[in-house]
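Shown next, in structure tokens, is the structure this report addresses.
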Amino acid sequence: MKPDLFEAPDYYKLDDLLTDEHKLVRDAAREWVKRDITPIIEDYAQKAEFPMQTINGLAEIGAFGPYIPLEYGGAGLDQISYGLIMQEIERGDSGIRSTASVQSSLVMYPIWKYGNEAQRKKYLPKLASGEWIGCFGLTEPDHGSNPGDMVTNFKDKGDHYLLNGAKMWISNAPFAQIAIVWAKDENNRIHGLIVERGMEGFSTPETHNKWSLRASATGELIFDNVKIPKENLLPNKSGLGAPLGCLDSARYGIAWGAIGAAMDCYDTALRYSKERIQFGKPIGQFQLQQKKLAEMITEITKAQLLTWRLGVLRNEDKATSAQISMAKRNNVDMAISIAREARQILGGMGITGEYSIMRHAMNLESVITYEGTHDIHLLITGLDITGLNAFK
Ligand SMILES: Cc1cc2nc3c(=O)[nH]c(=O)nc-3n(C[C@H](O)[C@H](O)[C@H](O)COP(=O)(O)OP(=O)(O)OC[C@H]3O[C@@H](n4cnc5c(N)ncnc54)[C@H](O)[C@@H]3O)c2cc1C
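Just so it is clear: in the sequence shown, position 362 is 362 by full-length UniProt numbering, and no numbers are missing.
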């Protein structure tokens with residue numbers, strides 16, 4: 001793979017809106033990605049393997065629980081720092097960012113928000129340090145966009161719960177030590193349970209043959225009469241709103257992450273357009289290529305401003321789920337379009353692993369589907385502005 005010459009585009013001087021702490025956190029993540037992700041990521045994506053050696057580095061840059069309080073081992077940062085970390089990691093690879101998102105927003109967040117003090121103390125420090133990796137089981141084979149109809153369930157057996165069912169498409173599943181599993185009780189109410197590797201009847205077969213997020217491990221969660229200790233139920237929130245609250249946090253991080261992937265594609269294409277000579281000129285001198293590049297930087301800049309503002313609203317605890325949906329949907333779509341255009345600027349070289357663009361393009365096909373599909377986020381906006389439900 002080519003050396004990482006990445007220079008982050010900042011056309012509207014967004015850096016002026018950031019605090020010194022934001023820039024410090026962002027720059028540390030950026031340096032780490034250049035040093036520890038870029039040199040190895042193409043190889044791991046080709047092998048379809050998650051690079052386990054990145055876990056320590058992810059913990060060190062604060063990617064596991066950026067906004068979780070220091071007392072639980074988190075980094076105690078604000079929402080903009082969290083977003084910037086996700087942006088930088090996804091600049092390297094969406095699969096690595098997925099592991100960080102799942103760990104922070106889908107595993108640590110529900111334990112922090114919906115768990116009790118004993119659960120926080122038991123799990124959060126180990127998750128923050130990367131000693132334990134977690135996964136989040138919401139999606140089922142027959143219930144993706146409609147998780148409220150899930151069939152995974154547990155029954156109260158007096159001194160324990162008995163869990164049955166299956167989850168599909170679960171990031172980190174093949175190597176996770178714990179899973180936050182969403183299941184229905186005997187009254188059809190959804191609860192979160194902490195399921196630990198090694199519990200009898202719990203297995204996590206890996207999902208193979210993915211053309212997207214190849215450097216992220218995906219698997220199933222299968223529960224065959226798994227005995228769950230009662231203290232493993234998250235006591236402080238139930239109903240579909242509980243997993244959706246986690247998704248808000250993760251989707252917000254994805255909105256930033258997608259900007260990172262787009263920035264990398266744009267930066268690569270811009271550099272290539274100045275170096276590649278055809279018809280005696282750099283291809284960047286042709287209007288058709290300039291149109292592509294000018295539109296890319298316009299869209300990146302719009303997304304940066306939208307997302308920074310969303311971060312301010314999150315810091316003030318004012319951001320709505322619908323506002324998060326808009327940013328996730330807009331930014332991932334923006335990044336996919338930029339990856340496609342950037343790939344064309346590189347001509348044939350754009351399809352090779354010499355450059356990151358094709359890998360980003362393929363990764364983003366998962367990112368546009370998980371955590372609410374492109375369609376579902378549009379329906380969320382539609383419902384928010386009209387008050388009319390078009391889901392069913
Ligand atoms: C690589 C990867 C990693 C993932 N990681 C996780 C994870 O860690 N944990 C987890 O729980 N899940 C995870 N997912 C699952 C992901 O969240 C689901 O794939 C996603 O929610 C969509 O569900 P589905 O694939 O069943 O598609 P479906 O829900 O079957 O949707 C198929 C199509 O129908 C459309 N559609 C559905 N309902 C409507 C409607 N009402 N109106 C209009 N169109 C509609 C959708 O937009 C989509 O285009 C992951 C998925 C992938 C691909």
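No residue lacks a Cβ here, since even glycine has one placed at the ideal position from N, Cα and C.
At a cut-off of 6 Å, would you count Y72 as near ligand 1, judging by its Cβ distance to the nearest heavy atom? Checking the Cβ of Y72 against ligand 1 gives no.
Taking the beta strand (DSSP E) that A183 falls in, what are its first and last residues? Element bounds for A183: 178 to 184.
Closest by CA to T320, which one among Y252, W169, A45, K122? Selected option, being the one with the closest Cα: Y252.
Please tell me whether I133 and A176 are closer than 7 Å, where the distance is taken between their beta carbons. It is a contact, given that the beta carbons lie within the stated cut-off.
For ligand 1, is there a heavy atom less than 6 Å away from the beta-carbon of Y12? No, Cβ of Y12 sits at least 6 Å from all heavy atoms of ligand 1.
Heavy atom of ligand 1 less than 6 Å from the Cβ of W211, yes or no? No, the Cβ of W211 stays beyond 6 Å of every heavy atom of ligand 1.
Applying the 10 Å Cβ sphere with the 16-neighbour rule, what's the burial state of D15? Answer is exposed; the Cβ neighbour count stays below 16.
Excluding the 5 residues preceding and the 5 following A303 in the sequence, name in chain order all residues of the same chain whose CB lies nearer than 6 Å to its CB. Correct list, in chain order: I259, N331, M334.
Buried or exposed for residue 454, please, with buried defined as at least 16 other CB atoms from any protein chain shown within 10 angstroms of its CB. No answer is possible for residue 454: the residues shown for the chain start at 1 and end at 392.
Assuming M334 is part of the alpha helix (DSSP H), what are its boundary residues? Counting along the chain, the alpha helix (DSSP H) containing M334 begins and ends at 321 to 345.
Are the beta-carbon atoms belonging to H360 and K328 less than 7 Å from one another? Cβ atoms of H360 and K328: not closer than 7 Å.
Give me the Cβ distance between P66 and S104, rounded to the nearest whole Å; I'm assuming they're in contact under 8 Å. Between P66 and S104, the beta carbon gap of about 6 Å places them in contact (Cβ cut-off 8 Å).
With which residues is F154 paired in a DSSP beta bridge? Beta-bridge pairing links F154 to L163.
Give a yes or no on whether the C-beta atoms belonging to A215 and D93 are separated by under 7 Å. Less than 7 Å separates the beta-carbon of A215 from that of D93.
Grouping DSSP H, G and I as helix and E and B as strand, with all else coil, what is K227? The answer is strand: DSSP assigns K227 an E or B state.
Could you spell out where the alpha helix (DSSP H) holding G253 opens and where it closes? G253 -> alpha helix (DSSP H) spans 241 to 275.
Would you mind listing the alpha helix (DSSP H) stretches within the segment 346 to 392 that are 4+ residues and don't spill past its ends, in chain order? Runs found: 357 to 367, 374 to 386.
How long is the line joining the alpha carbons of M362 and K157, rounded to whole angstroms? M362 and K157 have their C-alpha atoms some 45 Å from each other.
Best match in R343, S129, P125, V107 for proximity to R271 [C-alpha to C-alpha]: For the set R343, S129, P125, V107, the Cα lying nearest the Cα of R271 is the one of R343.
Is it true that the CB of T386 sits closer than 7 Å to the CB of A322? No, the Cβ-Cβ distance between A322 and T386 is not below 7 Å.
Alpha carbon to alpha carbon, how far is T373 from W169? Here the alpha carbons of W169 and T373 stand approximately 14 Å from one another.
How would you label K292, buried or exposed, when you count the other beta carbons within 10 angstroms and need 16 or more for buried? Around the beta carbon of K292, a 10 Å sphere encloses 16 or more other beta carbons of the protein chains shown; the residue is thus reported as buried.
How many Å lie between I80 and D20 at the Cα? Going by C-alpha positions, I80 is about 12 Å away from D20.
Quick one: using the 10 Å Cβ neighbour count with 16 as the cut-off for buried, is G348 buried or exposed? Result: exposed.
Between A250 and the rest of its own chain, which residues show a CB-CB distance below 7 Å, the 5 nearest in sequence each way excluded? Same-chain partners within the cutoff: S101, S105, L106, E371.
N-terminal and C-terminal residue of the beta strand (DSSP E) that V107 is part of: Per DSSP, V107 lies in no beta strand (DSSP E) segment and is marked neither H nor E.
Check whether the segment 254 to 269 touches the segment 200 to 213, counting contact only when three or more Cβ pairs, one atom from each stretch, lie closer than 8 Å. For the pair of segments examined, the segment 254 to 269 was found not to touch the segment 200 to 213: the number of CB pairs separated by less than 8 Å stays below three.
Go ahead and pull the three-state DSSP assignment for T307. In the three-state scheme derived from DSSP, where H, G and I count as helix and E and B as strand, T307 is classed as helix.
Pick from L193, N188, N172, N187 that is closest to V181, judged by C-alpha positions: Relative to V181, the option among L193, N188, N172, N187 whose CA is nearest is L193.
Looking only at its chain, what residues have a beta carbon closer than 6 Å to the beta carbon of R276, apart from the 5 residues adjacent to it on each side? Contacts found: I283.
Pair within 7 Å by beta-carbon distance, S238 and H191: Yes; because the gap between Cβ atoms is below 7 Å, this pair is in contact.
On a CA-only basis, which of K230, I178, I254, F154 is nearest N187? Give me that one, please. A check of alpha carbon separations from N187 across K230, I178, I254, F154 identifies F154 as the nearest.
Of the listed residues Y114, I222, R35, P39, nearest to E354 (C-alpha basis): Cα-wise, what sits closest to E354 is P39.
Identity of the residue in N172, V33, L234, K47 nearest G57 by Cα: The residue with the shortest Cα to Cα distance from G57 is V33.
Ends of the alpha helix (DSSP H) at V25? DSSP places V25 inside the alpha helix (DSSP H), whose first and last residues are 20 to 32.
Is Y370 near ligand 2, with its Cβ less than 6 Å from a heavy atom? By its list of ligands, the structure shown excludes ligand 2, since it contains just ligand 1.
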